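**Student:**
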Amino acid sequence: MEKTVLKSVGRRIRDLRQQKKLSQEELGEISGFHFSYIGGVERAEKNISLLNLQKIADGLEVPLHELFLYSRHLRFKKTEKDKLLNDIIHKLSDMSISDLKKIQVLIDQLFESR
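Counting from 1 along the sequence shown, just add 29 to a position and that's the residue number in my numbering.
(1) For residue 87, report the span of its alpha helix (DSSP H) as first-last.
(2) Just verifying my parser: in three-state terms, what is the DSSP assignment at residue 30?
(3) State the Cα-Cα distance for the pair residue 137 and residue 129, rounded to the nearest angstrom.
(4) In three-state DSSP terms, what is residue 63?
(5) Going along the chain, which residues of its own chain have a beta-carbon closer than 6 Å to the beta-carbon of residue 58, five neighbours each way excluded?
(6) Rounded to whole angstroms, what's the CA-CA distance from residue 65 to residue 52? Just pull it up for me.
(7) Give me, in chain order, the residues of the same chain whose beta-carbon lies closer than 7 Å to that of residue 82; leave out the 5 immediate sequence neighbours on both sides.
(8) Taking Cβ to Cβ, would you say residue 127 is nearer than 9 Å to residue 40?
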């Protein structure tokens, strides 16, 4: 089963939750779900319904479409370069802020040497 959409939406929910400084338990309480369900959605273990997505969006105080804005950084052409860029974006999306800062340093060093 293809889980790309589940992973992307789950990542987006996690990012929005963390931006609002909410724990999974707090978001679950606000949205009417157990924290383990929120965790399952964020890890793409749950195939969430639209009605439940709306409850989570309401709990995050964002419009439903905000949960699908993960794609704004993706490229929709299917060239080899686009596929590689999309793969890199997905991998970076799973990283912590501290790891992303390390990657930024590496990228800066790489481009300094050119």
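Heads up, the beta-carbon is just placed ideally off N, CA and C, and yes, glycines get one too.
For clarity, every value in this text was computed on a predicted model and none was experimentally measured.
**Tutor:** Let me lay it out:
(1) Here residue 87 is taken as the residue at index 58 of the sequence shown, counted from 1. Segment 79-89, the alpha helix (DSSP H) holding residue 87.
(2) Stepping through the sequence shown from its first residue, residue 30 is reached at position 1. Bear in mind that a pLDDT of 48 at residue 30, under 50, signals an unreliable position, so the model cannot answer this.
(3) Taking the sequence shown and counting its residues from 1, one reaches residue 137 at position 108. Taking the sequence shown and counting its residues from 1, one reaches residue 129 at position 100. Taking the straight line joining both Cα atoms gives about 12 Å.
(4) Reading the sequence shown from its first residue, position 34 is the one you call residue 63. In the structure shown, residue 63 sits in coil (DSSP, three-state: anything other than H, G, I, E or B).
(5) In the sequence shown, counting from the first residue as 1, residue 58 sits at position 29. So the list is empty, once near-sequence residues are dropped.
(6) Position 36 of the sequence shown, counted from the first residue, corresponds to residue 65. Position 23 of the sequence shown, counted from the first residue, corresponds to residue 52. Straight-line Cα distance between these residues: approximately 11 Å.
(7) Numbered from 1 along the sequence shown, position 53 holds the residue referred to as residue 82. Hits under 7 Å: 93, 96.
(8) Here the question's residue 127 lines up with position 98 in the sequence shown. Here the question's residue 40 lines up with position 11 in the sequence shown. Not in contact: residue 127 and residue 40 (Cβ atoms no closer than 9 Å).
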